[in-house]
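For reference, the structure discussed in these notes is given below.
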Amino acid sequence: MPDADSSRPITDPSGIQGGLTPVLGCDDIQIGLPGRRVGKVRVSYALADGRRMFVTTDRLSAFDRVVAVVPYKGQVLNQLAAWWFHQTRGIVANHVVSVPDPNATIGVEARPLPVEVVVRGVITGTTSTSLWRQYHDGARTIYGHAFPDGLRKNTRLPEAIITPTTKGEAGAHDEPLTCVEVVERGLVGSEMWTQVQTAALALFAFGQRIAGQAGLILADTKYEFGIAPDGSLLSIDEMHTPDSSRYWEASSYEDRVVRGLEPESLDKEPIRLALDALGYRGSGAPPVLSSEVIAATTIRYIAAYERITGMRFVPGTYPVEERLLAALNREGLLGSQPRRVQE
Numbered sequence: 005m006p007d008a009d010s011s012r013p014i015t016d017p018s019g020i021q022g023g024l025t026p027v028l029g030c031d032d033i034q035i036g037l038p039g040r041r042v043g044k045v046r047v048s049y050a051l052a053d054g055r056r057m058f059v060t061t062d063r064l065s066a067f068d069r070v071v072a073v074v075p076y077k078g079q080v081l082n083q084l085a086a087w088w089f090h091q092t093r094g095i096v097a098n099h100v101v102s103v104p105d106p107n108a109t110i111g112v113e114a115r116p117l118p119v120e121v122v123v124r125g126v127i128t129g130t131t132s133t134s135l136w137r138q139y140h141d142g143a144r145t146i147y148g149h150a151f152p153d154g155l156r157k158n159t160r161l162p163e164a165i166i167t168p169t170t171k172g173e174a175g176a177h178d179e180p181l182t183c184v185e186v187v188e189r190g191l192v193g194s195e196m197w198t199q200v201q202t203a204a205l206a207l208f209a210f211g212q213r214i215a216g217q218a219g220l221i222l223a224d225t226k227y228e229f230g231i232a233p234d235g236s237l238l239s240i241d242e243m244h245t246p247d248s249s250r251y252w253e254a255s256s257y258e259d260r261v262v263r264g265l266e267p268e269s270l271d272k273e274p275i276r277l278a279l280d281a282l283g284y285r286g287s288g289a290p291p292v293l294s295s296e297v298i299a300a301t302t303i304r305y306i307a308a309y310e311r312i313t314g315m316r317f318v319p320g321t322y323p324v325e326e327r328l329l330a331a332l333n334r335e336g337l338l339g340s341q342p343r344r345v346q347e
């Protein structure tokens with residue numbers, strides 16, 4: 005683990021608000037490895053022996069758009085996902101081979117299933133695919149599940165449900181599916197889809213239990229699965245991070261719901277709410293978020309990491325690329341000298 009910058013207290017937002025904290029974007033990672041792929045948050049490269057390196061940046065997406073860059077977010081996501089993958093390896097196998105750097109994971113190159121598997125324990129949300137948005141707009145059969153009249157936002161469901169969506173291409177929005185449609189459309193075979201649903205519900209139940217021990221509610225989360233070279237099912241991408249999940253403070257949850265207030269959260273929902281309040285839901289260029297909003301997001305993400313894992317967050321050094329190249333060189337992945345793609 006790289007040394008922390010002790011001159012910059014992470015729990016004090018003033019340094020972040022003042023622009024003193026560097027950030028990592030996709031363009032900051034230019035490594036001389038083949039097969040470069042750029043997503044909304046991650047950059048990946050092909051490695052030998054059927055492996056791929058995934059670098060998690062500080063970019064934050066909402067409403068299927070990149071809307072901000074948040075200091076230390078990438079490190080939190082990478083390290084928290086690695087922690088969860090390790091904790092859940094007895095429930096379902098995952099793609100992780102090693103974590104050579106705070107922002108990077110080396111994993112098996114799996115074939116991703118073309119479905120995002122969202123598990124929900126409450127009715128909430130602000131996006132077009134969320135339960136609450138669709139319910140509020142009048143729908144009563146959502147994702148193939150029937151809902152009664154009179155439900156309130158942010159209240160618990162009788163049991164966790166699976167609400168799959170398509171994986172939208174770059175710039176496109178995800179579209180709701182039913183579990184039946186996943187098979188009928190040929191997106192996932194029937195037997196494999198049964199395995200996916202069983203794994204997703206077991207992962208969510210485990211995640212809820214661990215979150216509860218940390219005084220948090222895991223309200224919902226998104227899983228991604230892939231097929232390993234041997235044909236087996238793997239959990240891939242990330243798991244139970246503040247990007248892919250909603251985490252709420254358990255101590256204040258009931259009181260805030262009764263009063264019609266949003267739960268206190270340790271995730272990116274406040275970003276969605278801030279954008280929604282500005283009238284932005286993914287169309288056109290996103291508005292610029294204030295430094296206070298960005299700083300608060302960093303602090304929430306770090307708090308989630310520390311409370312869930314029970315470990316202190318030790319910030320890695322910037323620039324990340326220099327640190328990452330050194331780590332890859334130690335792993336023997338770059339030859340004798342670190343390499344950077346020349347501009």
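So the sequence shown is numbered by my numbering: it starts at 5 and just counts up by one.
Beta carbons: idealized from backbone N, C-alpha and C, even for Gly.
- Report the residue ranges of all alpha helix (DSSP H) runs contained in full by the region 212-297; include only those spanning at least 4 residues, in chain order. 254-262, 273-281
- What first and last residue would you give for the beta strand (DSSP E) that runs through Arg55? Numbered from its first residue, the sequence shown carries residue 55 at position 51. Per DSSP, Arg55 is one residue of the beta strand (DSSP E) stretching across 55-60.
- Query: Is it right to say Met57 is buried, meaning 16 or more other beta carbons lie within 10 angstroms of its own, or is it exposed?
  - Reply: The residue given as residue 57 occupies position 53 in the sequence shown. The residue in question, Met57, is buried, as its Cβ has 16 or more Cβ neighbours within 10 Å.
- Task: Measure how close the beta-carbons of Pro319 and Tyr76 come, nearest whole angstrom, since I'm counting them as under 8 Å.
- Result: Mapped onto the sequence shown, residue 319 falls at position 315. Mapped onto the sequence shown, residue 76 falls at position 72. Right, the Cβ-Cβ distance comes to about 6 Å (below 8 Å), so this counts as a contact.
- Item | Inter-residue spacing [alpha-carbon to alpha-carbon] between Asn333 and Phe89 | Residue mapping note: residue 333 aligns to position 329 of the sequence shown, counting from 1. Residue mapping note: residue 89 aligns to position 85 of the sequence shown, counting from 1. Straight-line Cα distance between these residues: approximately 25 Å.
- Message: Which residue marks the beginning of the beta strand (DSSP E) containing Tyr49, and which one marks its end?
- Response: On the sequence shown, residue 49 is found 45 positions in, with the first residue counted as 1. 46-50 is the span of the beta strand (DSSP E), which, as asked, contains Tyr49.
- Item | Stretch-stretch touch, CB-based, cutoff 8 Å, three pairs: the region 264-278 with the region 292-304 | With the cut-off at 8 Å, the region 264-278 and the region 292-304 touch.
- Around the Cβ of Ala143, are there at least 16 other Cβ atoms within 10 angstroms (buried) or fewer (exposed)? Numbered from its first residue, the sequence shown carries residue 143 at position 139. Exposed, because fewer than 16 other Cβ atoms sit within 10 Å of the Cβ of Ala143.
- Query: Quick one, which of Val101, Ser65, Asp105, Gly125 has its alpha-carbon nearest Leu205's?
  - Reply: Residue numbering aside, residue 205 sits at position 201 when the sequence shown is read from its first letter. Checking every option, the nearest Cα to that of Leu205 belongs to Gly125.
- Compare the Cα-Cα distances from Asp224 to each of Asp153, Asp259, His99, Asp247 and report the closest residue. In the sequence shown, residue 224 corresponds to position 220, counting from 1. For Asp224, the nearest C-alpha among the options comes from Asp247.
- Message: Rounding to the nearest angstrom, what Cα-Cα distance links Thr167 and Val122 in this structure?
- Response: The count along the sequence shown starts at 1 and reaches residue 167 at position 163. The count along the sequence shown starts at 1 and reaches residue 122 at position 118. Going by the C-alpha atoms only, they are around 5 Å apart.
- Item | Distance between Leu277 and Gly78 (C-alpha atoms, nearest Å) | In the sequence shown, residue 78 corresponds to position 74, counting from 1. In the sequence shown, residue 277 corresponds to position 273, counting from 1. If you take the alpha carbons of Gly78 and Leu277, they lie about 21 Å apart.
- Message: With distance defined between alpha-carbon atoms, name the residue in Arg93, Pro118, Ser132 nearest to His177.
- Response: Taking the sequence shown and counting its residues from 1, the one referred to as residue 177 is at position 173. Nearest option by C-alpha distance: Ser132.
- For the region 212-223 and the region 45-55, state whether three or more C-beta atom pairs, one from each stretch, are separated by less than 8 Å. Counting C-beta pairs with one atom in each stretch, the region 212-223 and the region 45-55 have fewer than three that are closer than 8 Å, which means they do not touch.
- Item | Beta-carbon separation (whole angstroms), Thr128 vs Asn158, contact threshold 8 Å | As a working mapping, residue 128 is identified with position 124 in the sequence shown. As a working mapping, residue 158 is identified with position 154 in the sequence shown. The distance from the Cβ of Thr128 to that of Asn158 is about 5 Å, consistent with a contact at the 8 Å cut-off.
- Message: What does the Cβ neighbour count give for Asn228, buried or exposed, with the cut at 16 atoms within 10 Å?
- Response: To locate residue 228, count along the sequence shown from 1; it is residue 224. Before going further, note that residue 228 is Glu rather than Asn in the sequence given. Result: buried.
- Task: Decide if Asp234 is buried, meaning its Cβ has at least 16 other Cβ atoms within 10 Å, or exposed.
- Result: Counting from 1 along the sequence shown, the entry for residue 234 is found at position 230. Burial call: exposed.
- Message: Rounded to whole angstroms, what is the Cα-Cα separation between Thr130 and Glu188?
- Response: Against the sequence shown, residue 130 aligns to sequence position 126. Against the sequence shown, residue 188 aligns to sequence position 184. Thr130 and Glu188: Cα-Cα distance of roughly 28 Å.
- CA-CA distance, Pro180 and Ser65? Residue mapping note: residue 180 aligns to position 176 of the sequence shown, counting from 1. Residue mapping note: residue 65 aligns to position 61 of the sequence shown, counting from 1. Between Pro180 and Ser65, the C-alpha separation is close to 19 Å.
- Would a C-beta distance cut-off of 7 Å place Val73 and Asp62 closer than the cut-off? Indexing the sequence shown from 1 puts residue 73 at position 69. Indexing the sequence shown from 1 puts residue 62 at position 58. Contact flag set, yes.
- Item | Span of the alpha helix (DSSP H) around Gly111 | Position 107 of the sequence shown holds residue 111. No alpha helix (DSSP H) contains Gly111, which is instead part of the beta strand (DSSP E) from 108-112.
- Message: If you measure between the beta carbons of Glu2 and Ile33, is that distance less than 7 Å?
- Response: In the structure as shown, the chain starts at 5 and stops at 347, and residue 2 therefore has no counterpart that could be examined.
- Query: Taking the alpha carbon of Tyr309 as the point to measure from, which residue in Pro106, Leu135, Gln201 has its own alpha carbon closest?
  - Reply: To locate residue 309, count along the sequence shown from 1; it is residue 305. Answer by Cα proximity: Pro106.
- Task: Express the C-alpha separation of Val186 and Lys171 in angstroms, rounding to a whole number.
- Result: Taking the first residue of the sequence shown as position 1, residue 171 is located at position 167. Taking the first residue of the sequence shown as position 1, residue 186 is located at position 182. Rounded to whole angstroms, Lys171 to Val186 spans 12 Å at the Cα level.
- Message: Starting from Arg137, trace the alpha helix (DSSP H) in both directions and tell me its first and last residue.
- Response: If you number the sequence shown from 1, residue 137 lands on position 133. That run of the alpha helix (DSSP H) goes 135-140.
- Query: By Cβ distance below 6 Å, which residues in the same chain neighbour Leu37 in space, the five residues on each side in sequence not counted?
  - Reply: Against the sequence shown, residue 37 aligns to sequence position 33. Around Leu37: Tyr49.
- Query: DSSP state of Asp335, grouped into three classes?
  - Reply: As a first step, residue 335 must be located in the sequence shown, where it is residue number 331. Going by the sequence as given, residue 335 is Glu instead of Asp. The answer is coil: DSSP assigns Glu335 none of H, G, I, E or B.
- Query: Per DSSP, Val70 forms a beta bridge with which residues?
  - Reply: Stepping through the sequence shown from its first residue, residue 70 is reached at position 66. Paired residue(s): Ser65.
- Query: What is the rounded straight-line gap between the Cα of Pro26 and the Cα of Ile240?
  - Reply: One-based indexing of the sequence shown puts residue 26 at position 22. One-based indexing of the sequence shown puts residue 240 at position 236. Distance between the alpha carbons of Pro26 and Ile240 is about 28 Å.
- Please check the pair Ala114 and Gly230, which I expect to be a contact at CB under 8 Å, by giving their CB distance rounded to whole angstroms. Start at 1 with the first residue of the sequence shown, and residue 114 comes out as number 110. Start at 1 with the first residue of the sequence shown, and residue 230 comes out as number 226. The pair is a contact, with the Cβ atoms about 3 Å apart (cut-off 8 Å).
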